[in-house]
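In my numbering, the protein residues as written are -10 to 66. Every residue, glycine too, gets a C-beta built ideally from N, C-alpha and C. Here the structure comes first, spelled out in C-alpha cells, and everything after it is commentary.
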Amino acid sequence: AERDIVNIDGEGNYYIGDRRATKDELMEHLKFRFKDFPPLQVYLRADKNTPAKQVREVIDMAGEAGAIDVIVGTYQK
-10 AERDIVNIDG EGNYYIGDRR ATKDELMEHL KFRFKDFPPL QVYLRADKNT
40 PAKQVREVID MAGEAGAIDV IVGTYQK
C-alpha cells in the first residue's frame, strides 16, 4: 500500500515529507490522499521532544480522514 510520511519536529511544526505545512493543510492533504488513494498508511515521525498530545492529534486527524493504519516512530536530531 502507498503511504505518506508526516513529520512533527521538536517545536511542533508539521511537515508532509519535507514540506512544512499548517495543521489545516495537513488535514486537507490527508483527506485528499485517502479519497483518491485508499487504503493509505500514514507513517508519523515525531521528534522526541514533540508533545504526546500533538502526536495524538495527528493520529486522530488521520483516522478522521479515513486512515486504516498509522505507524508512529520517533527521531532525534
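Cutoff 6 Å; reference residue i; Cβ partners in own chain excluding five residues on either side
i	result
residue 56	31
residue 62	34
residue 15	3
residue 60	32
Of the residues the options, the one placed nearest residue i, counting alpha carbons only
i	options	result
residue 22	-6, 42 and 0	-6
residue 58	47, 13 and 12	47
residue 20	65, 60 and 53	53
Cβ neighbour criterion (16 or more within 10 Å) applied to residue i
i	result
residue 6	exposed
residue 51	buried
C-alpha gap between residue i and residue j, whole angstroms
i	j	result
residue -2	residue 37	8 Å
Cut-off 8 Å between Cβ atoms - residues of its own chain near residue i, not counting five sequence neighbours on either side
i	result
residue 44	-3, 33, 35 and 61
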